[in-house]
Every structure is written in structure tokens, then in C-alpha cells.
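K.L.:
Take this structure, written in C-alpha cells, and hold onto it; I'll ask about it next.
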Ligand SMILES: [Zn+2]
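In the working numbering, the protein residues as written are -10 to 183.
Now the structure itself:
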């Protein structure tokens, strides 16, 4: 028996609750969790060190450390409840909802881990900068590095491939070694966050 995949924006047919594409998307999210849990532990510890000292560095407000610390702790608790195998989720009626939640947790945790500057990205400024210094299309790994260096945006090659698969991003030059315009990648990144 075949039915439509239960993911909102997906019309693939499947015999389970998630189609093969959504299972592999979910697996990509799940695979990021073990490293994130380690990084979150560092984030939580770092905030703990800052707070009692009253912000010894002088630059950080002591009061602002508490919510971030709790966020990091809560996210790591949430992420711990996620399973290891996306295939196991595919049998569950609420698989699409779980996948959405897990992607949300991972995205938020990655923002926390990469530091506060990533949360205050000025999209308008980045776009203006991109328009002034248009670097032109480049291969996946170069776009990843370029956005990290110039825009402090941390994405992975896997993100880019996922966005292409989900029609959120189109390669300038498709094929075995596709190239992307950083501006398009930035838009896809922004779209997946709102
Ligand atoms: Zn699907």
C-alpha cells in the first residue's frame, strides 16, 4: 500500500509515514546530534564560568548569561531524546512532526554553539556587501567557506545539498561539480530559518 509522505511540503509516495528522501534528510539531522551534544556541553560550561565571576572579561553582561545557559541545557536535554536511526521514525504516525522538531532543535543548538554573533546576523548588511563584492558562482565547499569568512554563517555542504533536493536552491551550473551563487545560498539559508 502506497500513500503520500506525511511531511508537509513533500508529495513523494511511500509505504511508510516518511518517504526515502525525508528519511535521508532526517538522518542528516540526526547525524549532527552527537557532535552538537559535546559542543553544547562546552557552551553550558563556558556560561557557568562567566556568571559567578560577574563577567570577568568586562565585555559581557552577567545577567545575559543565564537564559543562554538554560537554552543550551534544555536543547541538549531535547536532543538526547532523539533516536539514532531515521528509519525507525518512518514507521511512526507522528514521524513528520518529530522530524520537524528535531530539525528545529538542531538548528537552534547550532546557533547557540556558533556563538551570539550568529544570532544577530544582519541580513541586509550581508546582502549589500554581497552586491558590492559579487564573488560570482563557486563550488559547494568554497561557498561554505566564503559564507563563514565573510558573513559568519555556518552552513555545511550537506545543508546545500538538502536545499537543492528540496527545491529551495538551484545550482548556477548543475552537474557533478555544481556551482552556486553565495547570494542564492544565503537566501536558502534565510528561508529555512523563518
Ligand atoms: Zn517525503
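Ideal Cβ positions, reconstructed from N, Cα and C, are used throughout, including at glycine.
#1: Evaluate the contact criterion for the segment 60 to 78 versus the segment 10 to 26: three or more CB pairs, one atom per stretch, below 8 Å.
#2: Between residue 7 and ligand 1, is the CB less than 7 Å from at least one heavy atom?
#3: Since I believe residue 137 is in contact with residue 143 (beta carbons under 8 Å), could you give me their beta-carbon distance rounded to a whole number of angstroms?
#4: When burial is assigned at 16 or more other CB atoms within 10 Å of the CB, is residue 74 buried or exposed?
#5: If residue 33 and residue 62 are in contact, beta carbons under 8 Å, what's the gap, nearest whole angstrom?
#6: Throw me the rounded Cβ distance for the residue 26 and residue 65 pair, which I believe falls under 8 Å.
#7: Three-state secondary structure (DSSP) at residue 129?
#8: With DSSP as the reference, label residue 28 as helix, strand or coil.
#9: Let me make sure I understand the geometry here. Which of 86, 0, 58 has the alpha-carbon closest to that of residue 102?
#10: Which word fits residue 174, buried or exposed, when buried means at least 16 other C-beta atoms lie within 10 angstroms of its C-beta?
#11: Which same chain residues end up closer than 6 Å to residue 140 when comparing Cβ atoms and leaving out the 5 residues on each side of it in sequence?
#12: Please report the residue range of the alpha helix (DSSP H) in which residue 171 lies.
P.N.:
This is what the structure gives:
#1: yes
#2: Your numbering for residue 7 matches position 18 in the chain shown. Correct: residue 7 has its Cβ closer than 7 Å to ligand 1.
#3: On the chain shown, position 154 is the one that residue 143 refers to. On the chain shown, position 148 is the one that residue 137 refers to. Between residue 137 and residue 143 the Cβ distance is about 6 Å, and since that is below 8 Å, they are a contact.
#4: Within the chain shown, numbered from 1, the residue matching residue 74 stands at position 85. It is exposed - the Cβ of residue 74 has fewer than 16 other Cβ atoms within 10 Å.
#5: Position 44 of the chain shown, counted from the first residue, corresponds to residue 33. Position 73 of the chain shown, counted from the first residue, corresponds to residue 62. Indeed they touch by this definition, with Cβ atoms about 6 Å apart.
#6: Within the chain shown, the letter at position 37 stands for residue 26. Within the chain shown, the letter at position 76 stands for residue 65. Confirmed, Cβ separation roughly 6 Å.
#7: One-based indexing of the chain shown puts residue 129 at position 140. The answer is helix: DSSP assigns residue 129 an H, G or I state.
#8: Working through the chain shown from its first residue, we reach residue 28 at position 39. Helix, per DSSP.
#9: Position 113 of the chain shown holds residue 102. Selected option, being the one with the closest Cα: 58.
#10: Against the chain shown, residue 174 aligns to sequence position 185. Classification for residue 174: buried.
#11: Residue 140 sits at position 151 when you count from the first residue of the chain shown. Contacts found: 115.
#12: Residue mapping note: residue 171 aligns to position 182 of the chain shown, counting from 1. First-last of the alpha helix (DSSP H) with residue 171: 171 to 180.
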